[in-house]
Amino acid sequence: MNPYDKAHELARALKASDELAALAESRQMLGQDPEGARLLNAFREKQMELSAFRMQGTEPGTDLKEEVQRLASEIEARPHLRRCVEAENRAGQLMADINRIIAGPFEELYRSGQG
12 MNPYDKAHEL
22 ARALKASDEL
32 AALAESRQML
42 GQDPEGARLL
52 NAFREKQMEL
62 SAFRMQGTEP
72 GTDLKEEVQR
82 LASEIEARPH
92 LRRCVEAENR
102 AGQLMADINR
112 IIAGPFEELY
122 RSGQG
């Protein structure tokens, strides 16, 4: 079995998946709403800032938490933006699951002490 052939088969399956179709549709709708795109980008940036604090083991400031909440509320109030975030989350979960499955043989190898 050639892993490269299977990787190409996986890529084709991903391309045909419901998750990527929903993501492509939501991205297309987002392309027609520059203000919505800016809102989502601002939300993502603030989320990354929030994550950076948490990864460092520090508590983010109230201002940052409130800004993230405000942006999340604005996104939630716009159905097409909410669908975009949901589609991104589903596609991200799909990729995380696939990465976990693919990493399995390597984890087994190192866990068994053979590596």
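Residue numbers (the numbering used here): 12 to 126.
For every residue, glycine included, the Cβ atom is placed at its ideal position computed from N, Cα and C.
Do the CB positions of residue i and residue j come within less than 7 Å of each other?
i	j	result
Phe54	Leu82	yes
Ala98	Leu34	yes
Glu20	Arg101	no
Glu87	Arg93	yes
Taking only the alpha-carbon atoms, compute the straight-line gap between residue i and residue j and give it to the nearest angstrom.
i	j	result
Gly47	Leu41	7 Å
Met12	Ala18	11 Å
Glu78	Thr69	18 Å
Leu120	Pro14	17 Å
Cys95	Asp108	20 Å
Lys26	Ala32	8 Å
Phe117	Ser123	10 Å
Gln80	Arg89	15 Å
Pro71	Ser62	9 Å
Is it buried or exposed for residue i, if we count other Cβ within 10 angstroms and need 16 for buried?
i	result
Ser37	buried
Ala24	exposed
In this structure, does DSSP put residue i in helix, strand or coil?
i	result
Thr69	coil
Asp44	coil
Quick one: any contact between the segment 110-120 and the segment 57-64, if contact means 3 or more CB pairs under 8 Å? no
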